[in-house]
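Student: Below: one structure in structure tokens.
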Ligand SMILES: *Cc1c(COP(=O)(O)O)cnc(C)c1O
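Residue numbers (my numbering): 13 to 434.
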């Protein structure tokens, strides 16, 4: 198929301007593509499963804004909903019916959710859920898993996978010793001990690359939380609405106390939420005494995009998300095997990671032992062939409803060449 992509002049010019004005030239670290040793591409627009850069190069997009775009770029229903909402006013700081509709759609799907509070980012949702867990238990300490990411909440940046793993930052300066001391980090697969306010996990970790839970592990966390009086918090910002209508908790049959949602719930606009049983959620102000607020929370454009997106996610949609991920996984395994490159391809419905490693990846230590140089070479070669993958070993690919068998075939064709170059 050969290299379709031209040298990106306008991207280079934009990047030169950007580094002067934005730290590292970007507004979120992984976008800079430093982990794969090249400069970022600058995006002009998206169409379905395609991304078009400012130089007019077209890519098959497997990043999909890191998860929100489960319907693809600029889905007509989402665009129509957002356009209609914008015409009626972009923000009121007062209740709208659409917020109640989005809460109803969420509660109907997510097993642990009886009530929810909308916020604007996953970070804000995890920060708020942990405040609620601490208020409800009267305890300070939180357990999290190495390689799990819950947004850039100060106390949760320890061993936080993806962005941090990519940059090689173990934690971050600016996090106080007190905040760090209230976080216990355990390896994925180990059950935390002690008197904790919360055990927080991504039930399907996807920020060290996709790593599925060991058999029975989520149930073991549920039991430990019950025995010790901790709350079990599932961060389903990625898995929510993606691996099943009710997320990983529905698929695995393990119900957390609190659920953190984001990405898909905003349909590509800034929205996130935390949800749980009535007695816990009614601790939140003004129903209760735990303060949490937001000028743009429940924003009309974001709720419109979220609702339009959730309405596209019927049973056929999940079948499709499974088929696409499975076809990619099989094809990528075969393509790597043909040229003798050892990889482990992990997938579930709507998620996938190609690990450059001989053995299965079970936890963050395994993920960190992957051949990241080889991943970088593979990723650069794929970009050169018009396929845009997450520019880091420690991230998942995000199949969407806009990806067709043609996108899969184009990706596998490119991969056959790129594995040979990796
Ligand atoms: C993306 C992500 C977050 C943070 O969400 P933002 O909207 O980027 O703040 C939290 N948890 C998980 C599991 C995520 O993947």
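Each residue gets a CB set at the ideal place from its N, CA and C atoms; glycine is no exception.
How many Å lie between residue 181 and residue 96 at the Cα?
Tutor: Along the chain shown, read from residue 1 onward, the residue named residue 181 stands at position 169. Along the chain shown, read from residue 1 onward, the residue named residue 96 stands at position 84. Caution is warranted here: a pLDDT of 49 is assigned to residue 181, below 50, making its placement in the model unreliable, and the coordinate value is therefore given only provisionally. Going from the Cα of residue 181 to the Cα of residue 96 covers about 43 Å.
Student: Given this structure, state the Cα-to-Cα distance separating residue 29 from residue 388, to the nearest angstrom.
Tutor: As a working mapping, residue 29 is identified with position 17 in the chain shown. As a working mapping, residue 388 is identified with position 376 in the chain shown. Cα to Cα, the separation comes out at about 25 Å.
Student: What are the boundary residues of the beta strand (DSSP E) that residue 307 is part of?
Tutor: If you number the chain shown from 1, residue 307 lands on position 295. Counting along the chain, residue 307 falls outside any beta strand (DSSP E), and DSSP gives it neither H nor E.
Student: Ignore the nearest five residues each way along the sequence and tell me which others in residue 384's own chain have a CB closer than 8 Å to its CB.
Tutor: Sequence index remark: in the chain shown, residue 384 carries index 372 (1-based). Once the five neighbours on either side are set aside, the close Cβ partners of residue 384 are 47, 368, 405.
Student: May I have a chain-ordered list of the beta strand (DSSP E) segments no shorter than 3 residues that lie completely inside the segment 68-153?
Tutor: Whole beta strand (DSSP E) segments, 3+ residues: 70-73, 127-131.
Student: Are the beta-carbon atoms of residue 163 and residue 376 separated by less than 8 Å?
Tutor: Your numbering for residue 163 matches position 151 in the chain shown. Your numbering for residue 376 matches position 364 in the chain shown. Not a contact, by the Cβ cut-off of 8 Å.
Student: What are the start and end residues of each continuous beta strand (DSSP E) run of 3 or more residues lying completely inside the segment 204-257, in chain order?
Tutor: As far as the segment 204-257 is concerned, its whole beta strand (DSSP E) runs of at least 3 residues are 210-213, 243-247.
Student: Taking the alpha-carbon of residue 244 as reference, which of 229, 304, 104 has the nearest alpha-carbon?
Tutor: Locating residue 244 in the chain shown gives position 232, where the first residue counts as 1. With distances taken between Cα atoms, residue 244 lies closest to 229.
Student: Figure out for me which residue from 353, 347, 318 has the closest Cα to the Cα of residue 117.
Tutor: For this step, residue 117 is matched to residue 105 along the chain shown. Residue 318 is the option with its Cα nearest to residue 117.
Student: First and last residue of the beta strand (DSSP E) that includes residue 367?
Tutor: Here residue 367 refers to the residue found at position 355 when the chain shown is read from its first residue. Where residue 367 is concerned, the enclosing beta strand (DSSP E) stretches over 363-367.
Student: Please state if the CB of residue 252 and the CB of residue 223 are separated by a distance shorter than 8 Å.
Tutor: The residue you call residue 223 lines up with position 211 of the chain shown. The residue you call residue 252 lines up with position 240 of the chain shown. Not closer than 8 Å, so no.
Student: Taking its Cβ as the centre, do 16 or more other Cβ atoms sit within 10 Å of residue 157, making it buried, or is it exposed?
Tutor: Within the chain shown, residue 157 is the residue found at index 145, counting from 1. Its Cβ being crowded by 16 or more others within 10 Å, residue 157 is buried.
Student: Return the Cβ separation of residue 138 and residue 296 in integer angstroms, given the expectation that the two are a contact with Cβ distance under 8 Å.
Tutor: Stepping through the chain shown from its first residue, residue 138 is reached at position 126. Stepping through the chain shown from its first residue, residue 296 is reached at position 284. That belief does not hold up - the Cβ atoms of residue 138 and residue 296 are roughly 15 Å apart, past 8 Å.
Student: Under DSSP, the beta strand (DSSP E) around residue 359 begins and ends at which residues?
Tutor: Walking along the chain shown from the start, residue 359 turns up at place 347. Its beta strand (DSSP E) spans residues 356-360.
Student: Is it buried or exposed for residue 219, if we count other Cβ within 10 angstroms and need 16 for buried?
Tutor: Translated into positions along the chain shown, residue 219 becomes position 207. By the 10 Å Cβ count, residue 219 comes out buried.
Student: May I have the straight-line CA-CA distance separating residue 333 from residue 420, to the nearest angstrom?
Tutor: The residue given as residue 333 occupies position 321 in the chain shown. The residue given as residue 420 occupies position 408 in the chain shown. Each residue's alpha carbon lies about 12 Å from the other.
Student: With which residues is residue 156 paired in a DSSP beta bridge?
Tutor: In the chain shown, the residue the question calls residue 156 occupies position 144. Partner(s): 197.
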